[in-house]
Each structure stands twice: as C-alpha cells, then as structure tokens.
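Asker:
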Amino acid sequence: MSTGHRRKTLVRLLVNGEEHTLAVPVQRTLLEALRYELGLTGSKQGCDKGDCGACTVLARPRDGSGRGEPILSCITLAQDAQELALTTIEGLAGPQGLDPVQRAFADCGALQCGFCQPGMMLSARALLDQCPRPTLPQIQEALSGNLCRCTGYTKIYEAVEVAAGLREPASRPPVSSERAAASDQVAHVPKEIAP
Amino acid sequence: MTHPVHRPGHVGARFPKVDGAGKADGSGVYADDIRLPRMLHAKILRSPHANARIRGIDVTLAASYPGVVATLVGAEMPAKYGVIPWTHDEQALATDHARFVGDEVACVAAVDERTADEALRLIRVDYEPMPALLTVEDALAHPEIKVNERAKVGNVTKHVELEFGPVDDAVARAAAVCHQVYEYAGSTHAPIEPHCAVARVDGDGNLTVWSSTQIPHYVQRELSRVLGLPQSKVRVIQPLLGGAFGGKSDPFSLEFCVAKLAMKTGRPVKILFTREEVFYAHRGRHPMRMDVKVALDGDGRISAVDNKIHIDGGAYASFGLVTAYYAGQLLTGPYRFGTYRFDSTRVYTNKPPCGPKRGHGSVQPRFAFEVALDEAAEQLGIDPIEVRRRNFIGENVETVNGQRITSNGFLKCLELVEEASRWTERHGKLGPGRGLGVAGSMYISGTAYPVYPNEMPQSGVLLKLDRSGRVTVYSGASDIGQGVNTLLCQICAEEMGCDPRDVTVVAADTDLTPVDLGAYSSRVTFMVGLAAREACEKLADKLRAAVAAKLGCAPADVRLELGTAAGPQGTMSFAEACQLAEAAEGATLASTGGYRTKKLGGDYRGGTIGASPAYSFTAHVAEVEVDEETGIWTVRKLWAAHDCGKALNPTLVEGQIEGSVYMGAAEAQMEEMIYDRSGLLFGPSLLDYRIPTSLDTPEIDARIVESDDPNGPYGAKEAGEGPLHPAIPAIANAIHDACGIRIRQLPFYPQRILQLLRERDARRAGSERVA
Amino acid sequence: MMTLPAVDVLRPRSVAEAVAQLAAHPGARLLAGGTDIVPNLKYGMYDTQHLVALRGLSRELRYVRVEEPEGEIRLGALCTIDELARDATVQARLPALAEACAQIAGPQLRRMGTLGGNLCLDTRCVYVNQTYFWRSALGFCLKKDGTACHVVAGGQRCVAAASNDTAPVLLALGASARTVSPRGERVLPLEEFYLADGVHNTVLAPDELLVEVRVPGQAASLRQAFHKLRMRAAIDFPALNLAVALGVTEGAVRSVRLCVGALAARPALVKGLDDLVGRPADRRLADELGRRAHKQCRPLTNIGVDPGWRREVLPVLVRRTVLRALAV
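Line order of the protein sequences matches chains A, B and C.
If you're matching positions, the first sequence starts at 1 in my numbering and goes up one per residue.
If you're matching positions, the second sequence starts at 196 in my numbering and goes up one per residue.
If you're matching positions, the third sequence starts at 967 in my numbering and goes up one per residue.
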C-alpha cells in the first residue's frame, strides 16, 4: 500500500484577508487546512462529509467581487480553494468587536453547546448580507443546511431577527403556580416479584 | 414547609452565557481543537461481525507500516469496566469476543490519521462468527448463545417486577380499560461534536486526558482501574463540549486507548471519532415494547396502571440496570395512581449498546402511558385535559411507589398550554386532517444516590476570593451547553454582590476542581447550585463581618450587591470588602460547599432508584396536520409549559425546553436506529440517520412555570430532560384528533399513518355496510 | 475525521485542456462542486489518482443564455445550482427547473454544486454510499468491490438510483446535452444520455466532459412542475422526484412528458402517453397520468424510504403535480 498521502503540495489560501502559503498533504481538505495548519479551529467538523454544516465558511472570488457565499470546507479540497477569498468565524468580528450576528447569538441564548454555531452564524451573516430584513421562512430556509442539536432552532431565529434589528430578545416572564394540596394518593408497600 | 426567600437580582436574570463570547468568535476550545507537540493520531479497528469469537489478532504488519508508532490490543488492558460498578462488562478493546458490528478490537497510533487508517487494514483478526441475536425475542429464545457473559440468566441484563397495590383487582373493577401494545424505536443523541480524546503522560507518570465527556469523575475512576494507575495520577479535563444529551456519559474506548498509547509511546495521542464511530459508540434511546393497561374508574380516576416492558439493550449494560428501573419508577406522576405494576426486562442483543438519552428510560413508557390514558378517557367521553386535571397528584405527596413529590406546578402547566392552544374552542373541532393533542410528564432533578455507593457529597464547590475582587469558582460540574457555568456566576453575584463578570469559573478538571458526579439525570443545576450557594454564603458572612467591623454596623446590616458592600453609614467597593475580609482572615479567603445526599425513596429494593430531591413537571399541546392521501404529517405548533421550580436564568431554561421539544418531536417524526439482518446499522451518517433541519422543526412556544421548590437552589428544579417527554404522546394524541387513528409505534412514519388511515377507512366502510 | 486518499488535483484553464488531462490520466475524475465526489472519495468508492478540477473553467462554462430566434435556452455546466434557482431567465422560462434546483440538498451545497455535477451525479444506494468499513462488513456489492446486489436478490445489474433533481425536469422538457472530448463535441438528447446501469449510468466516455445543456425554446411555453418527495425539507436526496411538462392548446393536450426519478439507475420517462394527446387538460388527465406512473414505476430498497409507500403515494404526487402545472 502506498504512503502517497504524505506527499505534499504548496497551496495558497486567502483567509480572513491574510494570505497563507502552506505545504499540505495533497488530499488536505480545506477544513483540515484551516483547523490543523492555520490553527483556525472555529470551523468545526461534525459529520465528515457535507451533511451537517458545522464546517461552513464564506467564500467569494479572490478579486473581491460578489458576496461571501456559505460553502462546506469539509468537502472542499484545499488545493481547489486557492481561487477563493475565505472568511471563517475568526474573521467575522471587525475592528469594532463582534459582528451583530455573533453578539445576538450570545445575547439571545442561541449558543448552547456552541459547536454548530460558527457555521450557523456564517450562514446567517450571508443571509443578512443578501437580505437585510429577512422573514422567518427566509431565515429557516437560509439555515436549513446547518444542523443544530441543542436549541430546536427557536433562539437562533430570534438571534438572526435581533441581529437584523427586527426585534428585541425574548423577555416573557415566568408564571408562578399556586400551591396545591396533596391528593388522596396512597403509597403502597410493593410486592417484589423480581427485584 | 418554608420556602426560601430570595431577593430579585442576578438569580432569575436573563444573564448571557459566560462562555458565549468564546463560542461566538470561534476561540472556544473543544477537544479536537487541542494540538500538542509531537502528538500522534490513533484509529480503532472494529469488528465487521455482530457476534464473533476472536481467536487471534496479528498486528505485526500494521506495526511495521511506515508512520506507525504503536499498536494496541485488548490483552494489554483487559480489565472490564462500565459506568455502573455492578455491571462491568466492557473492554476498551475486545480480547476474545466481539459483540456487535463496530465493537472495538485493536488500535493503531501513527503520525497522522490517514496513516493510522491505512495501517488498520493490515491488522489480521481471526474471527469465528457466531449467530447474532438482534431482537429481544431472539435474545430471550436463545439463552444458550451469550451476547455478553455478564448476564447471569440467558441474555438478561436486568429484570425488575414490582407491584404496588392489587392491580388485577382494580383492572377487574374498572369502568374503562385501555390495553394496548406500544413500540418505541431506538434513536441516538447525534451531538454535532463527535467524541474526541487526547492524552499526555508527563515525566512523573502523571496521565492527563482531555475528553469530550460529561462525566470526568467516572472517567477518572475507570481509567485508573483499567490502566492500573492510582487515581491521584489520573487527571481528566473536559474542554468545551459540543453536545452530549447522555451520549457522552459512559467511559468510552477512545479514552482508554489514547491513555494507554500515550503511556506506551511517551507522546501525546489523540483519537477523534468519525461520525460513523459515534453511531457505534451510541448509548442512545432503548427500543422498548410496552404492553400497557390503563384502567379508569367511573369518575375517570386512574385505578390501575400495568406495564410489561421489554427493553432492547444492545451489547453492553451501560446504565442499563438503571434503565430497567427508570422505565417503571418514573411514571408515577403527575397523576395519582390507585395501583401500579411494572415488569421490566432489559436484554442484551448484538447491537451497539443503548444507554441514557435525554429522558433516560422514561420517555418510552411515558409515550405509551399518555396515549393509553387518552384512549381510556375516550371510552368514558372525558376530555383529555380534563382527565389529566382530575388525576393530578398534588404537592407534598408520596407517589404510589413511595417517591416524595414536593412542589408540583403541573396544573399551571396544563392551564397555560390549554389557553395558549385555545384548546376548548379548537380540540375536536379543527376539521379533517387537523388536530390537537395533550400530554403531561414528570422527571427527576438528580438521583438520590451516586452510581457507586459512598458517603461523600455528590457535588462540591470551592470558592476563592482574591483581593482584586475577582471570584474564582472551582466546580467539577460539566457544562455541556446547558449553561451551569453561567449559573455559578449568577449565584456568586447573587450571594456576594460581586459583578458576575468578575467571576471566573474553573470547571470539570479533576486535578483542580472538587468532585461532581457528572451531567446526567438532570442533577447539575440542582446539586451544584446548592453546593455553590452554601460556599457563597460562608464567604458572604466573612465579607459582611469585615465590612461591618470597618463601618461600625451589624453584619446583618451590610448589603452585598452590584459590586459594592454597603452599610447604613457607608459604602465600599467589592474589592475593598475582599481586602478587609482577607486581612481579618489572615489567610486566603476561601470556602467550600457541598450537596449531601438525603435519604429518599421507598423502603424496598430499588426504591431509591428514581427517588429524587425534586421533580419537574411538563405539559404539552401539539397541533398537527395530516395529509390523508399520503400519510405525511407535520406539527404546526407545540406549546410546552414546564415547571422548573425557579428559572435561575429564563433564557437558558427556555433553551432547554425548546431543545427538548425539538428532540422529542424528532423522535416522533423520523429518528430510528435501523439494522440489517446481519446486525449492520443502516446508514451511520447524518445523511441517512436524519435529524431535523430548521425546516422540519415545529414552531415551539416554551412557557416557564415556577413552583418554588423547597429543596432546590432558590427553588429550582430540572429543565433539561423533562420537557422532552410529552412531545411524542402529544403528537400521537393530536394525530388521533386529526383523523381518528391511534399510532402506537415510533417513529410515526407516513407509511404507518397511511396504513392506519386505510384500516380506518375499511372499518368505516364496514360499519356503514352493517348499518 | 474520515480521511481522503492521496489524489493529485489538476487545474486546467480551458475545456480543451481539461479533456486532454482526462485522456492523459486514465481513471481521472472530474471535480466541480465536489459535493458528491469528495464524500465518495472519503468512502473509498473510487480508486482514482487524479482529479481534474473545473473551477478554472467558470468563465467558460457558467452562463445562462437564450439563443434567438428560436429561444433555445443554453445553460453552462458550471452554473451553480443556487444560481439556476435564482436566475430570472430560468424562473421565467423553465420554472420547473428553478423549482427543482431550489430543492436540491441545502443552501451551502447548492452554492457549491453545479448543473453538470447534478446531471452526472453518481447513482446512489443505501448499500454503497457508506464507509469502506461498512461496505466490508456487508460484504461489498456489485457497484464497488463486490459481486452481489443487496437490493435485488441475485441481481446482476446494479440498480443504484439516479438521485439528481435536475434530470427529470430536463428530460421532461426535452433538453439535450452538449459534450466535449478529445475527439470533438456531440449533442445528444438526455433520453440517450442515461443508461440503466447503476455502475455508470451515463454514456459519457472517461475523457468526455458535459459542457452545456440545451433546452428547446418551446419548453418555455409548456405547463411544467416538479415535485420532490423527501423525508426532510432540506439536505436529503429525493426519495422520489418527478417532473411533468405539458403542451396545452385551447384546453387540450398537445404534448405530454412525465419523468420519475429516484427509482433505479436511469430517470424514467413514463412511456406510452401519446394517446393522451388531444384529451382535455383537466383533473381526469392528472388522475390518468398518476395511474400510468403507478403502473410503470417500481421503487426499490436502494433508497432508505419504504418502497411500498413510495409507490403508493406516487399517483397522488403525480396528480397534484400535474394539477399544479395546469394551475387548475
């Protein structure tokens, strides 16, 4: 069996405005290059093969034309990403601090385990760039390639709407229950048939 | 009973998560984000057979493959382990018996993942395949074939049968009885982060393992036992965790493998599971078959519940001993039961092991019971909400099986979802293909006893106050996304008046932090919350005393809030108060707190399992729409009201409710672990094992009910698991309201719905002919 | 994570260079969006040493053009699926294609995936689109590394399913494919493009590249609609898909084509519909098309959604799709 996988090649990647030239194994995926070569570990690996969206990054042509479009770095070869200008979650914040999407995700409780969220926030950013005042169905559609297992998506929608300035974070107060009496429940001593 | 009085303040506030910024900007460190110098990557060879004797393993070729640094086989760490001390039945790598397709057999560490992958193909394993037992029926019918040698009787992991009161008499006298069989499919957690572990051994032989685990303490114990190291030489650190849901609450092969390989090679070693391997690690929802009787008296009161449960456990026990009990013990609220019997059998089968998925053990019987209750009430013509209200068990009451319920906000939950869904005007009146359904549930806030018997606290907190005004909380608790680290900050701020942003939480590091048993059984907020509050109160007293001495007032007159310490005649910053207190103490300001287990539960064998210091309650109403031509159905909306006692942080509680509802609806809609005839799991990927996208998730309306529990921290109870339960039966009951069919098998695949609709139509046609 | 085997990526700057590279490297495969081939490479499904990456051909092959006077619509093979879903010309003239594109996979995959890639999508089967370990535990299959079919007992021909959503629409609309190889170019109707062999279901030679799709101008006047049956509203491949295109003049059927995908290796044009020409374009026609599709289409277990149910709902889905196309 060959060990050709250790054959390396030079790739030039433009990530978050910085140019990098890296010697990587020829078969390196963009996700591996970001995480393991550039230390940009904010892009996550969840499914290995383009099913979950955790590895989402934004890509546009290197000439700066067009908008950043969400793509999946786990099924993009590093060698094939050289003509792209890439934005990862580490590049989303600007000089003024966190992007409004990031701030809203944190404020609204959209981040539980946080693992799917870098990809989710980049998809949300791409949506807002294209459509600054999205409807709920548009948000749902735009995020439908990013699986979240924690939130039921509810607070994610809220965060996108907050980031778009369409609403305030949720604030419904809890409701108190009245004290109740015990019922006539009787606790029985069990017959242990098979303990 | 007295209820704790607390001021409004940081507790109860919608405080943003303390780890939110690191999660928002990508800087947060999860296990696979750790890279150490000279680190090796390891991969695990897995059995392609569902049941096979292992006659020999030859790693020679793999060991000499260029780039391979070490190989590992089970004989090098043969000790058996398991999360429950009575059921040690797993090996990190099988020595002589592979028990399911995907069972771990050997391991290779190499310079990179691909090299390790290629070397795995050079390992020769001599298997002697044996017949595989893939169903409960087969496993019970063939006791001569052993799935797991630990089973004393045939392939039974655990059998429990308990009867509380004369069930058969009550059934015989009942006005209505629903007797049906319900089948719950196995599903899995599918956290987006795959399991990952990294190990390093230092020059003194101290082992450090970073692992995506929700039970660092148990992992430390089992690593120590299996590797033969003193526990004091084993340090387990849980980095940020990318979702768990119970799927990371067992010790897993990868933790032992990276540790042993690090010991063998002297180099750091990492294993990152592929998504496929996560499916083989599994520990998800047990498939259950439930033969249920629910009997009502003429007033619609539940006079008997009888449940015979068969549980398909997979190849290892995991928490299975507990599962067999939870399946019966956790059903006895929020309703009063006249009598109750359950007969629960967990069986080993040649499949990936099942374990604790969110709502461990009780989601399946809850589904069966809540649908059966509807079916029985229908016989008497009683409205589904009314029958639940009528059977409300109340507060400060002992359940039929001897569990003590303290606070109980179930009636308020029911009222909220009834109003929000406009139940009265809409139930039964939405027209063909649309319907509403209701269900309720109860869940534990931690268990009364640790999984290994001991007299030590279940949770400890260490608090350090610095003269800068910085508070450091050392907590062993695992923040798995639910937000316990944030709650600790809020509790510190609440009790000591510091700015919550001046609190550092050091968590889940067995060298640095006190023991907490882990994030399971919904115990964390309750237990670590009480431990933290106790530690904070001790230090707050010292602060008040020092400030009072300086300001010349009584300690009781000192208010600690909003970053200041204030007396009647003066005020100072929190940092100044710390300095005064440190001076008075003459030493570092520190304190500890703990959660000590109280005696709870019925006085019979197993009576403590399911006994909890407090129970949460939930009610859901689901609205569904069914396409009667195709069987395709959707949940238009789910209203969920949950009694969490006190919402220490409403945003986080809502998040737990919403996530639970989503996960429950997902199990109703689409999730199932399906195996082929040879025991091969179909489609172990996030493409074939479908979990809902944003477009498949129903609209969720989460409501918080506070019942102010006398035992919980500030009155709090659990919120992370209970709200999952009612989603499934509420949907099933809504489908019945929509089109008159009873779906009793999960998932509610459209083909099953369509089949039931055909049967309904045939029945209707038949009855028309008769008429 | 799952690792890739070593592959060299060639990056041609023209179609001519691309096909020359294909010819020079036997076994080389094309890399366009990568959404299908990269997962399959991770699964060890191809033994290729070389990938010919087409990103550098975007200028040449990424366009939507209308050729006057006939109004033929020409679609460059490197148009992304997302572009086609949003393209004004496509939406106006080929609305069923826009519909299909909007329902392919998820948002990121639509940005990456291309029209050519979707039309040349490798066939799929629950027994083959799995890891090497999984397939080895199964004992492999006809399509790759094995000899048995796990879908059809004793089957000798692979029945992995055509799972592309653009193919049924373009087949229904009467589209053609233009291809280029070192031997020159050819234009062939899509009916002749697909083969009933799941191992390799197109007529493309190893050194041949699909460069363009041509849709006749009159397609724009057809009543057309697409439907995709899938378990989730995003990400999933079709459990069934179908497209209908009807020529209607004064309420009567002038032409009718119905294509069903996700059955076996070739998207199935429902046969023998000529007798429907001249009939009123109404509900009865929709019912009749449903009956005929039901008669001719036999879903298999190659897709992990109950085949019996898929067959049962097919006539319903056909009827509804026809009614939607007719807007009645």
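Heads up, the beta-carbon is just placed ideally off N, CA and C, and yes, glycines get one too.
Here the structure is a predicted model, which is why all the values come from computation and not from measurement.
(1) I need the boundaries of the alpha helix (DSSP H) containing Tyr614 (chain B), first residue and last residue.
(2) Ignore the nearest five residues each way along the sequence and tell me which others in Arg955 (chain B)'s own chain have a CB closer than 8 Å to its CB.
(3) So Pro945 (chain B) contacts chain C; which residues on that side make the cut at Cβ distance below 7 Å?
(4) Nearest-angstrom Cα distance between Glu90 (chain A) and Arg149 (chain A)?
(5) Can you check which of these residues, B:Arg319, B:Asp312, B:Ala334 and B:Glu339, is closest to Tyr1098 (chain C) by C-alpha distance?
(6) Please give me, in chain order, every unbroken run of the beta strand (DSSP E) with length at least 3 that falls completely inside the segment 440 to 528 of chain B.
(7) Taking the beta strand (DSSP E) that Trp1275 (chain C) belongs to, which residues open and close that run?
(8) How would you call Pro425 (chain B), buried or exposed, if buried means at least 16 neighbouring beta carbons within 10 angstroms?
(9) Looking only at C-alpha atoms, which of B:Arg728, B:Phe564, B:Ser889 and B:Met868 sits nearest to Pro879 (chain B)?
(10) Output the distance between the C-alpha atoms of Cys1220 (chain C) and Leu1239 (chain C), rounded to the nearest integer angstrom.
(11) Pull up the DSSP beta-bridge partners for Trp618 (chain B), would you.
(12) Could you tell me which chain A residues have their CB closer than 8 Å to the CB of Ile1070 (chain C), listed as they occur along the chain?
(13) Tell me which residue opens and which closes the alpha helix (DSSP H) that Tyr944 (chain B) is part of.
(14) At a Cβ threshold of 8 Å, is Cys74 (chain A) touching chain B?
(15) Quick one: what's got a C-beta closer than 7 Å to Ile886 (chain B)'s C-beta in the same chain, skipping five residues either side?
(16) In chain order, what are the residue ranges of uninterrupted alpha helix (DSSP H) at least 4 long that sit wholly in the segment 616 to 692 of chain B?
(17) Apart from the five residues on each side of it in sequence, which residues of its chain come closer than 8 Å, Cβ to Cβ, to Leu876 (chain B)?
(18) Judging by CA-CA distance, which residue of B:Arg599, B:Ala371 and B:Ile923 is the nearest neighbour of Thr527 (chain B)?
(19) Among B:Arg536, B:Glu824 and B:Leu890, which has the Cα closest to the Cα of Pro945 (chain B)?
(20) If you scan the segment 545 to 612 of chain B from start to end, which runs of the alpha helix (DSSP H) of 4 or more residues do you find wholly inside it?
(21) Cβ atoms of Arg209 (chain B) and Asn680 (chain B): under 8 Å apart, would you say?
(22) Check whether the segment 1073 to 1089 of chain C and the segment 1040 to 1048 of chain C touch, using three or more Cβ-Cβ pairs below 8 Å as the test.
(23) In the DSSP assignment, find the alpha helix (DSSP H) that holds Asp838 (chain B) and state where it starts and stops.
(24) Suppose you measure from the CA of Gly623 (chain B) to the CA of Asp538 (chain B); what does that come to, to the nearest Å?
(25) Under 8 Å between C-beta atoms, does Arg1090 (chain C) make it to chain A?
(26) Can you have a look at Ser43 (chain A) and say buried or exposed, based on whether 16 or more other CB atoms are within 10 angstroms of its CB?
(27) From which residue to which residue does the beta strand (DSSP E) around Leu1041 (chain C) run?
(28) Take the Cβ of Ser889 (chain B) as the centre, count every other Cβ of all protein chains shown within 10 Å, and call the residue buried at 16 or more, exposed below.
(29) Run through the DSSP bridge pairs and tell me what Trp405 (chain B) is partnered with.
(30) Could you tell me how far apart the beta carbons of Ala1066 (chain C) and Val1056 (chain C) are, in whole angstroms, since I believe they sit closer than 8 Å?
(31) Please classify Met1 (chain A) as buried or exposed, where buried requires at least 16 other C-beta atoms within 10 Å of its C-beta.
(32) Give a yes or no on whether 8 Å exceeds the smallest Cβ distance from Glu141 (chain A) to chain B.
(33) Near Ser406 (chain B), what residues of its chain come up, given a Cβ to Cβ distance below 7 Å and the 5 sequence neighbours on each side ignored?
(34) Grab me the residues of Gly262 (chain B)'s own chain with a C-beta within less than 6 Å of its C-beta, minus the 5 sequence neighbours each way, in chain order.
(35) Between the C-alpha atoms of Val819 (chain B) and Lys503 (chain B), what's the straight-line distance to the nearest angstrom?
(36) Under the three-state reduction of DSSP, which class applies to His292 (chain B): helix, strand or coil?
Answerer: Considering the structure as presented:
(1) Note on residue identity: the sequence assigns Glu, not Tyr, to residue 614 (chain B). That run of the alpha helix (DSSP H) goes Phe605 to Ala615.
(2) Cys934, Gly935 and Ile936
(3) Trp1275
(4) 23 Å
(5) B:Asp312
(6) 464 to 467, 483 to 491 and 497 to 509
(7) Per DSSP, Trp1275 (chain C) belongs to no beta strand (DSSP E); it is in the alpha helix (DSSP H), Pro1273 to Leu1292.
(8) exposed
(9) B:Met868
(10) Going by the sequence as given, residue 1220 (chain C) is Arg instead of Cys. The straight-line gap from Cα to Cα measures roughly 11 Å.
(11) Paired residue(s): none; Trp618 (chain B) is not in a bridge.
(12) None at all; the shortest Cβ gap to chain A is about 11 Å.
(13) Careful: Tyr944 (chain B) lies outside any alpha helix (DSSP H) and carries neither H nor E.
(14) no
(15) Ala385, Ala861 and Glu866
(16) 618 to 621 and 679 to 691
(17) Val296, Gly297, Phe474, Tyr475, Lys546, Pro547, Met868, Ile869 and Tyr870
(18) B:Arg599
(19) B:Glu824
(20) 558 to 575 and 579 to 585
(21) no
(22) yes
(23) No alpha helix (DSSP H) contains Asp838 (chain B), which is instead part of the beta strand (DSSP E) from Trp828 to Asp838.
(24) 35 Å
(25) no
(26) buried
(27) Glu1038 to Gly1042
(28) buried
(29) B:Val393 and B:Ile432
(30) Actually they do not touch by this definition, with Cβ atoms about 10 Å apart.
(31) Annotation note: pLDDT 43 at Met1 (chain A) (below 50); position unreliable, coordinate value reported separately. When all chains shown are included, Met1 (chain A) counts as exposed.
(32) yes
(33) Ala226, Ala392, Val414, Val431, Gln433 and Glu450
(34) Ala305, Val306 and Thr310
(35) 30 Å
(36) strand
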